[in-house]
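Contents: one structure, followed by commentary.
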Amino acid sequence: MKCIDRIKPVLAVVLLITVLFTGCGQQVTVENPYDVYESPRAYGLNITVTNESEQTFFAKELCVAGTEDVLSQNVTASLSEAAGLFDLKENTLKFGKNIYGRVYPASTTKILTAYVALKHGDLSTTATVTEQELQLEEGSSVCGLSVGDTVSLEDLLYGLLLCSGNDAANVIADLVAGGTEKFAEMMNQEALALGATNSHFINPHGLHSEEHYTTVYDMYLIFQAALGEEKFAAIINSQNHTASLTKSTGETSTLNWENTNKYLNGEVETPEGVEVLGGKTGTTNSAGYCLVLYSKSSSGTPHISIVYKSESRENLYYEMTELLMESTK
420 MKCIDRIKPV LAVVLLITVL FTGCGQQVTV ENPYDVYESP RAYGLNITVT NESEQTFFAK
480 ELCVAGTEDV LSQNVTASLS EAAGLFDLKE NTLKFGKNIY GRVYPASTTK ILTAYVALKH
540 GDLSTTATVT EQELQLEEGS SVCGLSVGDT VSLEDLLYGL LLCSGNDAAN VIADLVAGGT
600 EKFAEMMNQE ALALGATNSH FINPHGLHSE EHYTTVYDMY LIFQAALGEE KFAAIINSQN
660 HTASLTKSTG ETSTLNWENT NKYLNGEVET PEGVEVLGGK TGTTNSAGYC LVLYSKSSSG
720 TPHISIVYKS ESRENLYYEM TELLMESTK
């Protein structure tokens, strides 16, 4: 489905005010049409916007899909609850199944966690791991941090994205925002700014909560924004990483982390004509098996493909492989 343009919400306010108050007051020239809240004179007056360069469209570079599913006979639609294939060159939805339905993101949450950390943090800053940060529910995915370890934000992001460390997520939240609650506020603010209006996040790792959810389309928006961060793209494309830590004793130690993405670690064969450039896995009992992926076809066309709530890891990669094959057509 072809992308259409949507006007930024604030510009829509400008247009509404113009319609309501045409001819009811003095003509006002607004230097920046998106800063109407900074101009009290805008209310109750007819507004003329003169700087056309500021009149950009929110969805100019995005795919805005309709509410109907876009299916293919080449993709087994019954293997997951929701899925999408987005062509980033043509801004089209090539496959879409329940893309606006609420789903639990599990560890794909960490895409947004990394985006917030890269946007608001400094890669060279360090944090010392606390006991509270390691208090996670039994069976949590961790990257092996210990109380007293001092580690950089850069290494924490590798632990977050490669081996899906929930411990790393908690340390990042404290380092960047001073706590999980404040960091979650930042996550929601950034998500809304990206247009992900049907999502809500309450933690940085994705462990299950009824109040922690997203949609396929919202995650597409979030992932595309994250890919604009050079460091994020480099991390998710890595097969492994060796992190350097300082122990509480002052000794230097290392941790070796492998990418959980089975296309990158060689456990699942990538379809011919496709290069997988990275992504993020996620699994909980409520979320099922999830995968968000960035790839390019042999023609160089980039794609984002997403599968949420598959009943098994086998089904997850089977459907994702079908989507990757669809991207070459």
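Each residue of the sequence shown is one higher than the one before, starting from 420 at the first, in this note's numbering. Just so you know, even glycine gets a beta-carbon here, dropped at the ideal spot from N, CA and C. Note that the structure is predicted; figures quoted are calculated from it, not measured.
Give every residue of the same chain whose Cβ lies closer than 6 angstroms to the Cβ of residue i, excluding the five residues on either side of it in the sequence, and list them in chain order.
i, result
"residue 708", "702, 729, 732, 735"
"residue 744", "690"
"residue 559", "585"
"residue 664", "568, 570, 672"
Rounded to whole angstroms, what is the Cα-Cα separation between residue i and residue j?
i, j, result
"residue 642", "residue 482", "13 angstroms"
"residue 491", "residue 711", "19 angstroms"
"residue 614", "residue 519", "13 angstroms"
"residue 645", "residue 672", "30 angstroms"
"residue 484", "residue 724", "15 angstroms"
"residue 529", "residue 568", "21 angstroms"
"residue 488", "residue 523", "20 angstroms"
"residue 584", "residue 624", "8 angstroms"
"residue 594", "residue 545", "8 angstroms"
"residue 532", "residue 596", "11 angstroms"
"residue 540", "residue 553", "21 angstroms"
"residue 662", "residue 688", "28 angstroms"
Does DSSP classify residue i as helix, strand or coil?
i, result
"residue 518", "coil"
"residue 744", "helix"
"residue 657", "coil"
"residue 503", "strand"
"residue 477", "coil"
"residue 615", "coil"
"residue 689", "coil"
"residue 673", "strand"
"residue 508", "coil"
"residue 457", "With a pLDDT of 43 at residue 457, under the threshold of 50, the modelled position of that residue is not reliable, and the figure given next carries that caveat. In the structure shown, residue 457 sits in a helix (DSSP, three-state: H, G or I)."
"residue 523", "coil"
Identify, in the order they occur along the chain, each residue of the same chain with its Cβ nearer than 8 angstroms to the Cβ of residue i, setting aside the five sequence neighbours on each side.
i, result
"residue 650", "537, 542, 573, 576"
"residue 684", "658, 677, 678"
On the DSSP bridge assignment, give the partners of residue i in chain order.
i, result
"residue 721", "715"
"residue 708", "702, 729"
"residue 694", "715"
"residue 546", "570"
Closer than 7 angstroms by C-beta to residue i: which residues in its own chain qualify, once you throw out the five before and the five after it? Chain order, please.
i, result
"residue 660", "577, 581, 676"
"residue 549", "566"
Stretch pair the segment 591-602 + the segment 527-537: three plus CB contacts closer than 8 angstroms: The segment 591-602 is in contact with the segment 527-537.
Meets three-Cβ-pair contact criterion under 8 angstroms: the segment 713-727 and the segment 503-519: Per the Cβ contact rule, the segment 713-727 is in contact with the segment 503-519 (3 or more Cβ pairs under 8 angstroms).
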